[in-house]
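All remarks here apply to the structure that follows.
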Amino acid sequence: MPRFSIIVPSHGVAGRLSQALDSVLAQSFGDFELIPVCDAPDCAAADIAADRAARDSRVAPVHSPPSAGPAGARNTGARAATGAYLLFLDGDDVLVPGALAALDTRLAEADGTDVLYFEHERVPWWEGEPANPAAPLLAKTPDGAFAPGRAPHLTGVQLPAWSAVYRRAFLAERRLEFPAGHYTDIGFATRAAADADRMTVLRSVVVRHLVRRQGSRLNQPGEHHVELLDQAELALAYAAGRGLPAERRGPLFEQLFALILKTAAHPGRLTRGRRAFFRRASRLYRRHRPAGFRPPGGRLGVQHRLLASGSYTAFRALRGANRAAAGILGRLPRPQGLRTRLRYRRRLRAPLDPNLVVYCAYWGRGYACNPAAIHAKARELAPHLRGVFLVEPDQAHTVPKGVEHAVIGSRRYWEVLARATYLVNNANFAEGVVKRPGSVHLQTQHGTPLKTMGVDQSTYPVVAAASGSFAKMLGRVDRWDYNLSSNRHSTQMWERAFPGSYEHLEYGYPRNDVYYTATADDVARVRRELGVPEGKTAVLYAPTHRDHETGFGAGGLDLEAFCEAAGEDVVVLLRAHYFYDRGGRRERTGRIIDVTG
Numbered sequence: 005m006p007r008f009s010i011i012v013p014s015h016g017v018a019g020r021l022s023q024a025l026d027s028v029l030a031q032s033f034g035d036f037e038l039i040p041v042c043d044a045p046d047c048a049a050a051d052i053a054a055d056r057a058a059r060d061s062r063v064a065p066v067h068s069p070p071s072a073g074p075a076g077a078r079n080t081g082a083r084a085a086t087g088a089y090l091l092f093l094d095g096d097d098v099l100v101p102g103a104l105a106a107l108d109t110r111l112a113e114a115d116g117t118d119v120l121y122f123e124h125e126r127v128p129w130w131e132g133e134p135a136n137p138a139a140p141l142l143a144k145t146p147d148g149a150f151a152p153g154r155a156p157h158l159t160g161v162q163l164p165a166w167s168a169v170y171r172r173a174f175l176a177e178r179r180l181e182f183p184a185g186h187y188t189d190i191g192f193a194t195r196a197a198a199d200a201d202r203m204t205v206l207r208s209v210v211v212r213h214l215v216r217r218q219g220s221r222l223n224q225p226g227e228h229h230v231e232l233l234d235q236a237e238l239a240l241a242y243a244a245g246r247g248l249p250a251e252r253r254g255p256l257f258e259q260l261f262a263l264i265l266k267t268a269a270h271p272g273r274l275t276r277g278r279r280a281f282f283r284r285a286s287r288l289y290r291r292h293r294p295a296g297f298r299p300p301g302g303r304l305g306v307q308h309r310l311l312a313s314g315s316y317t318a319f320r321a322l323r324g325a326n327r328a329a330a331g332i333l334g335r336l337p338r339p340q341g342l343r344t345r346l347r348y349r350r351r352l353r354a355p356l357d358p359n360l361v362v363y364c365a366y367w368g369r370g371y372a373c374n375p376a377a378i379h380a381k382a383r384e385l386a387p388h389l390r391g392v393f394l395v396e397p398d399q400a401h402t403v404p405k406g407v408e409h410a411v412i413g414s415r416r417y418w419e420v421l422a423r424a425t426y427l428v429n430n431a432n433f434a435e436g437v438v439k440r441p442g443s444v445h446l447q448t449q450h451g452t453p454l455k456t457m458g459v460d461q462s463t464y465p466v467v468a469a470a471s472g473s474f475a476k477m478l479g480r481v482d483r484w485d486y487n488l489s490s491n492r493h494s495t496q497m498w499e500r501a502f503p504g505s506y507e508h509l510e511y512g513y514p515r516n517d518v519y520y521t522a523t524a525d526d527v528a529r530v531r532r533e534l535g536v537p538e539g540k541t542a543v544l545y546a547p548t549h550r551d552h553e554t555g556f557g558a559g560g561l562d563l564e565a566f567c568e569a570a571g572e573d574v575v576v577l578l579r580a581h582y583f584y585d586r587g588g589r590r591e592r593t594g595r596i597i598d599v600t601g
């Protein structure tokens, strides 16, 4: 039996899963099994897990459908585990070097421990110092193994499930699993704390937890916050059923209602049903308040008393919930000119046109790439949709006949952007464009990322300085609803480089459909138009833009030498990156054909 079973749910974090798994496999202490939990055998995370499993027999992937949520994934992993102790690790977190050795030593010193709590760092995804919120909690605990009554503040509320190690036999004996739904850590960890006979702590950091840019689902608005009351009721009823003394139920009660009151007082979390949430919380408060419980002081104490009395009106007045929220029109766009701004403002007040689709490629460089391919197919499959392509003034003449277009910066340009329900781009729309509720933004991308991009460039000072504001870039990312990806590698790269709450569509690039639809006659025609000699093999060379280069070159590749080595039957089709497609024809001769443009 291995000493540890490390369970790693992977839903939505394929871009960082490799780092999590490798942080475990690199541990100096090797007596463990690693159980990645993937959505399905054919998902991106499963490919990563399978790669590690092929290289290391300690890796044993399992599958849990996304519909089962984090609770289902963890329970599936726990049922597959054979180790003496379970450790739950999020798929974008990492174990610090030496973590398992330190845990093993601590457990050996505190034999028979049911739950071992340890410190963790919350690492900002972008800037800021890591925080260690567990350190103050664990500093107040006894040394060695101890009965839970000696540290009643360790209730399981303030430490997530991945900040502890659990004895597997203990969980099995008590039949403890993660309850379904949101706030599952509370329902699981509070019952584990209530049932434990012996606890111990490790006062050093074991896990580095990534604070995601899109934030925790638990901090976002929605009706799922009602499930906090479900988990609180489960925890309080379980503690009462186990006969926990008031000295232990008091801290549990206070910590749970600190969370409940924080949610009730936050106007952005509960989008509706605030009164019903408050009333149910009030009933829970009165039913489970331990004998002799004294509310805290200050504003929180006032909230406790209002909750106990059930006075929602007074509570609402206290938190100032009647402050008017700023509407979308308060965040004005930045089209140039007063008249344009006013017209755009008026158009934003009009309803969205459900049949209007706006397309743009390469910042208006013409009818091209994935947006053009989608536009063409939409005309065939959904002829009721009206598509408008956005182009720069000097590219308007290149738009194919019959394709409606608008010149960027014109009055009509701002009108269609304000009214369109669907917006499709392979780059980004202007910063002044407002993401309206109900609109759908599709980012199609326009290549395979074989270099450092997005926020990953932040560690390269020269490139970062030339890339502009990362904050503005992320503001543009926040407009995306869907991000089109051509392959697994791209999906993982986009997830890291452009963090956001959009959904990946790993469907391939529509612009590449021509490779499957072109006929032999089409191929012959294109070869003639490009000037490829009869009987020659054409090799396409399309180097990407490199941020350290100031102009187009061959990327260090000597094309003449390549042709010489390839033989007389080969010609090279040279296509420059679109950043250089307006710089005139490159001076190439002989077997190198410039197809840029």
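Quick note: to get my numbering, add 4 to the position in the sequence shown (first position is 1).
We put the beta carbon where it would ideally sit given N, CA and C, even for glycine.
Bear in mind that the values here come from a model prediction, so they are computed numbers and not experimental data.
Query: Considering only residues of the stretch 87–133, which uninterrupted alpha helix (DSSP H) runs meet the minimum length of 4 residues and lie entirely inside it, listed in chain order?; Result: 103–113
Query: What is the rounded straight-line gap between the Cα of Asn79 and the Cα of Glu227?; Result: 24 Å
Query: With 8 Å as the threshold, decide whether the Cβ of Arg500 is near any Cβ in chain B.; Result: In summary, chain B is missing from the structure at hand, where a single protein chain is found.
Query: Comparing C-alpha positions only, which one of Val28, Arg56, Thr600 sits nearest to Ala105?; Result: Val28
Query: My output table needs one value for Ser167: the three-state DSSP class, helix, strand or coil.; Result: helix
Query: CA-CA distance, Glu181 and Arg290?; Result: 28 Å
Query: Is the beta carbon of Pro152 closer than 8 Å to that of Leu158?; Result: yes
Query: State the Cα-Cα distance for the pair Val527 and Glu533, rounded to the nearest angstrom.; Result: 10 Å
Query: Please state the DSSP three-state secondary structure of Val205.; Result: strand
Query: Buried or exposed for Gln447, please, with buried defined as at least 16 other CB atoms from any protein chain shown within 10 angstroms of its CB.; Result: buried
Query: Output needed for Arg279: all residues of its chain with C-beta closer than 6 Å, excluding positions within five of it in sequence on either side, in chain order.; Result: Tyr316
Query: Please name the residue in Val392, Ala372, Pro547, Asn432 whose C-alpha comes closest to that of Leu454.; Result: Pro547
Query: Please state whether DSSP places Arg20 in a helix, a strand or coil.; Result: helix
Query: Nearest-angstrom Cα distance between Leu263 and Leu233?; Result: 10 Å
Query: Going along the chain, which residues of its own chain have a beta-carbon closer than 7 Å to the beta-carbon of Pro146, five neighbours each way excluded?; Result: Arg154, Ala155
Query: Taking the C-alpha atoms as reference points, what is the distance between Arg273 and Leu265?; Result: 12 Å
Query: On a CA-only basis, which of Val205, His213, Val437 is nearest Thr344? Give me that one, please.; Result: Val437
Query: Using only alpha-carbon positions, find the residue among Ala24, Ala522, His292 that is nearest to Arg253.; Result: His292
Query: Give every residue of the same chain whose Cβ lies closer than 6 Å to the Cβ of Val481, excluding the five residues on either side of it in the sequence, and list them in chain order.; Result: Phe502, Gly504
Query: On the CB-based measure, 16 or more other CB atoms within 10 Å of its CB, does Asn516 come out buried or exposed?; Result: exposed
Query: Report back the beta-carbon spacing between Val395 and Val420 to the nearest angstrom; my notes put them in contact at under 8 Å.; Result: Their Cβ separation, rounded to whole angstroms, is 12 Å, which puts Val395 and Val420 out of contact at 8 Å.
Query: Please classify Met203: is it buried, with 16 or more other beta-carbons within 10 angstroms of its beta-carbon, or exposed?; Result: buried
Query: Which of helix, strand or coil does DSSP assign to Phe36?; Result: strand
Query: Which stretch, first to last residue, makes up the beta strand (DSSP E) that contains Gln447?; Result: 444–447
Query: Please list the segments of the alpha helix (DSSP H) lying wholly inside the stretch 461–521, counting only runs of 4 or more residues, in order along the chain.; Result: 465–470, 474–481, 492–501, 518–521
Query: Going by DSSP, what residues sit across from Asp147 in a beta bridge?; Result: In DSSP, Asp147 forms no bridge with anything.
Query: Just mark His401 as buried or exposed, buried being the case when its beta carbon has 16 or more other beta carbons within 10 Å.; Result: exposed
Query: With which residues is Asp357 paired in a DSSP beta bridge?; Result: Ala424
Query: Tell me where the beta strand (DSSP E) around Phe433 begins and ends.; Result: Run containing Phe433: none; DSSP gives neither H nor E here.
Query: Report yes if the C-beta distance between Ala48 and Ala84 is below 8 Å; otherwise report no.; Result: no
Query: Ile11 and Phe92 look like a contact to me (Cβ under 8 Å); what is the Cβ gap, rounded to whole Å?; Result: 5 Å
Query: For Ala312 and Leu288, I'd like the C-alpha separation in whole angstroms.; Result: 9 Å
Query: At a cut of 8 Å, does the stretch 423–430 reach the stretch 355–370 through at least three beta carbon pairs?; Result: yes
Query: Closest to Ala138 by CA distance: which of Pro101, Val211, Arg416, Glu564 is it?; Result: Val211
Query: With distances taken Cα to Cα, identify the nearest neighbour of Ser167 among Trp129, Gly148, Asn136.; Result: Asn136
Query: Which residue wins for smallest C-alpha separation from Gly391, given the options Tyr417, Leu577, Leu142, Pro441?; Result: Tyr417
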